[in-house]
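Let me begin by presenting the structure, written as structure tokens, before commenting on it.
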Amino acid sequence: MSIPERLAANRYETDEEQSHIHVDQDLARSTGTGERIIAVCPAKVYAREADGTISVEYAACFECGACLAVAAPGALEWHYPRGGMGIQLREG
Amino acid sequence: MSEELEPDFDVIVVGAGIAGCVTAYRLAQAGRSVVLIERGEAPGSKNLSGGVLYSRVMEEVFPGFLAQAPVERRITRNYVQFLNATSSVGIDYADERLGDPVNAVTVLRARLDAWLGEQCEEAGVFLMPGVRVDEVLRAGGEAGPVVGVRAGEDELRARVVVAADGVNSFLSRAAGLRAKEPENHLAIGVKAVVTLGEERVRERFHLGQDDGVAYAVVGDCTLGVGGGGFLYTNRDSVSIGVVLRLDDLMARGLESSVVFDHFLAHPFVAPFLAGGEVSEYASHLVAEGGIAMLGEIATDGLVVVGDAAGLTLNTGLTVRGMDLAAASGIAAAAGIEAALESGDVSKAGLGGYREALMASFAGRDMVTYAKAPAFLERPRMYAEYGQVLADVLYGAFDHDLTPRKHLVALARGVVKKSGVRMRDLVSDAIAGVRAL
Ligand SMILES: Cc1cc2nc3c(=O)[nH]c(=O)nc-3n(C[C@H](O)[C@H](O)[C@H](O)COP(=O)(O)OP(=O)(O)OC[C@H]3O[C@@H](n4cnc5c(N)ncnc54)[C@H](O)[C@@H]3O)c2cc1C
Ligand code: SF4
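Chains Y and C, in that order, are what the protein sequence lines are.
Per full-length UniProt numbering, numbering through the first sequence is continuous, rising by one, with the last residue being 92.
Per full-length UniProt numbering, numbering through the second sequence is continuous, rising by one, with the last residue being 436.
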């Protein structure tokens, strides 16, 4: 079962107005943070685009914080989504 | 500025996980006014664990817990499974004594925490779900005592603030109690709930009506990354996942989802899941630093409980955090109650929390397992040892018409061939006995 299929079983209240994740593209490249956050994220939120930048599919996020833990200081701005937004676990 | 304002509550608890709910419940029972703020749309909607709750401490807080709370199955059978690419060796420990009195149950946090939130409300706690706390408020500048919290435009004040906001605890970081955690103190847990139906769960795992099993898996299940796999039975589903130490995962350049998929596809695991539906797939960090991670847990006007305080134990076979979260909630409520009683909510006034915590089973177990994190960082646990075990057993069971050897000679030969040095084996064994 592919990851997108698995994600489809989850419930999300996506915050359409703002993303809770921002990548500093220059720092992500120079520090290797790009590779690290792509590898660590089980939701496949991060992907490398053809132009070398990191794209962010923030709506899929599980809010675990693993990407922030492995990111170099300043390369990733990450906080919890606004109250009531984001993933809504039904099992846990 | 803010210090002249009257507090709105005696206590603000941030985070309606197990630690926050137990703290809030106890203080409300003691007659305090308590607000419990949770960023999820309901308690539990952000929370995830593997799912084995050592439940006796919950009975202490909520008499009748096992009968009333939404628990899944009582664990009466524990498997320790070494997985290699093409073989596996397991220890099967079943014991009726584990079921009477009940020692551990499986839980699903979205259900359990919702129930805990209801108990809090019934006890008089004011529950505020769907609200994210953004920062703590201090009286008189940067280093002043904590006097409340800010959530968006709203400010709430209380005599004591409890940071029960989980492993990422932005609150205790902002309060200066924690720095960014080193990667070897953190692991990522990737988990799915696979629904099979109640009958299929019972048949496939040979279970009685309410019984359950817990598999702790090490070895090839993580492609050698420090950590392990787990499989726990719920009423009509299984909780399955891997826990991967971040430093090791990064050093090996592996993707967490690839390791997870590898585990689920392993010939030992796949048949357990056949025909099931993935009903949820998510991840959460695990605090793995042990007592080294337990830093300051109180400052003026604020205490930290549960995962936010780094209170998790990984002994290799079990991840324990939920029972420790409950124990820290009990200790914190006692410490806060004493501080409110005496009118001194400074760090010193809140000192009863640390004392009560360290005197409880939670504090004592953290001390007992102080060496476990370093022991579990020894790499051979995740690669060679499972293979050594399988090779010894292969030598014993594979009758290839060569003359048989005694087990000891067989084992010696296998260890020699495996490349594990006898010195390391002995050192790992001694360290293991001391740490666990
Ligand atoms: C994969 C995995 C397997 C595990 N297996 C087990 C196991 O088998 N047995 C066991 O005992 N333990 C296990 N654990 C550990 C256990 O899950 C944790 O120790 C436990 O959940 C800690 O509870 P807590 O209340 O401290 O924190 P949490 O349950 O994380 O609760 C924190 C709460 O705070 C809220 N919050 C956070 N920030 C804010 C904010 N700014 N504003 C408002 N609310 C906020 C969150 O939404 C959440 O509700 C496992 C953990 C993982 C990840
Ligand atoms: S918080 Fe977890 S799920 Fe979300 S982007 Fe980071 S690693 Fe991925």
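The beta-carbon is built from N, C-alpha and C at its ideal position, and this holds for glycine as well.
Near residue i, which residues of its chain fall below 6 Å by C-beta distance, leaving aside the five closest residues on each side in sequence?
| i | result |
| --- | --- |
| residue 77/C | 94, 213 |
| residue 329/C | 19, 22, 23, 305 |
| residue 418/C | 384, 388 |
| residue 114/C | 42, 43, 44 |
| residue 220/C | 83, 84, 85 |
| residue 70/Y | 36, 40 |
| residue 51/C | 106, 107, 232, 239 |
| residue 13/C | 20, 23, 24, 36, 162, 164 |
Apart from the five residues just before and just after residue i, which ones in its own chain have a Cβ nearer than 8 Å to its Cβ?
| i | result |
| --- | --- |
| residue 185/C | 287, 288, 289, 292, 293, 310, 373 |
| residue 128/C | 35, 36, 37, 38 |
| residue 80/Y | 20, 63, 86 |
Pop quiz: residue i and residue j are said to be a contact at Cβ under 8 Å. What is the actual Cβ separation, rounded to whole angstroms?
| i | j | result |
| --- | --- | --- |
| residue 112/C | residue 70/C | 6 Å |
| residue 29/C | residue 123/C | 6 Å |
| residue 380/C | residue 420/C | 6 Å |
| residue 229/C | residue 191/C | About 10 Å separates the two Cβ atoms, so there is no contact after all. |
| residue 90/C | residue 47/C | Not quite, the Cβ-Cβ distance comes to about 30 Å (not below 8 Å), so this is no contact. |
| residue 283/C | residue 189/C | 6 Å |
| residue 223/C | residue 254/C | 6 Å |
Determine, using beta carbons only, whether residue i and residue j come nearer to each other than 8 Å.
| i | j | result |
| --- | --- | --- |
| residue 23/Y | residue 68/Y | no |
| residue 64/Y | residue 86/Y | no |
| residue 105/C | residue 75/C | yes |
| residue 211/C | residue 226/C | no |
| residue 136/C | residue 149/C | yes |
| residue 201/C | residue 167/C | no |
| residue 361/C | residue 327/C | yes |
| residue 48/Y | residue 34/Y | yes |
| residue 345/C | residue 162/C | no |
| residue 259/C | residue 246/C | no |
| residue 317/C | residue 365/C | no |
| residue 347/C | residue 300/C | yes |
| residue 378/C | residue 298/C | no |
| residue 27/C | residue 336/C | yes |
| residue 236/C | residue 203/C | no |
| residue 8/C | residue 157/C | yes |
| residue 331/C | residue 350/C | no |
| residue 92/Y | residue 109/C | yes |
Answer with yes or no whether the minimum CB distance from residue i to chain C is below 8 Å.
| i | result |
| --- | --- |
| residue 88/Y | yes |
| residue 65/Y | yes |
| residue 40/Y | yes |
| residue 7/Y | yes |
| residue 13/Y | yes |
| residue 76/Y | no |
| residue 84/Y | yes |
| residue 23/Y | no |
| residue 92/Y | yes |
| residue 58/Y | no |
For the alpha helix (DSSP H) that residue i lies in, which residues bound it at each end?
| i | result |
| --- | --- |
| residue 203/C | 198-204 |
| residue 329/C | 322-342 |
| residue 157/C | Element bounds for residue 157/C: not the alpha helix (DSSP H) but the beta strand (DSSP E), 154-163. |
| residue 259/C | 256-265 |
| residue 132/C | Premise fails: residue 132/C is in no alpha helix (DSSP H) and is neither H nor E. |
| residue 251/C | 246-251 |
If we cut at 8 Å on Cβ distances, does residue i have a partner in chain Y?
| i | result |
| --- | --- |
| residue 55/C | no |
| residue 387/C | no |
| residue 44/C | yes |
| residue 328/C | no |
| residue 260/C | yes |
| residue 255/C | yes |
| residue 284/C | yes |
| residue 274/C | no |
| residue 188/C | yes |
| residue 14/C | no |
| residue 110/C | yes |
Between which residues of its own chain and residue i is the CB-CB distance below 7 Å, once the five residues before and five after are set aside?
| i | result |
| --- | --- |
| residue 132/C | 39, 151 |
| residue 1/C | In this prediction, residue 1/C scores a pLDDT of 44, lower than 50, which makes its location untrustworthy; the coordinate-derived value is nonetheless stated afterwards. Excluding sequence neighbours, residue 1/C sits near nothing in its chain. |
| residue 322/C | 18, 49, 53 |
| residue 172/C | 163, 178, 304, 308 |
| residue 31/Y | 72, 75 |
| residue 274/C | none |
May I ask which residues mark the beginning and end of the beta strand (DSSP E) holding residue i?
| i | result |
| --- | --- |
| residue 80/Y | Run containing residue 80/Y: none; DSSP gives neither H nor E here. |
| residue 277/C | 277-287 |
| residue 303/C | 302-304 |
| residue 417/C | Looking at the DSSP string, residue 417/C is not in any beta strand (DSSP E); the run it does join, the alpha helix (DSSP H), is 407-418. |
| residue 72/C | 71-83 |
| residue 316/C | That residue, residue 316/C, is in no beta strand (DSSP E); it is neither H nor E in DSSP. |
Tell me, please, whether the CB atom of residue i is closer than 8 Å to any CB atom in chain A?
| i | result |
| --- | --- |
| residue 54/Y | As a matter of chain content, chain A is missing from the structure shown, whose protein chains are Y and C. |
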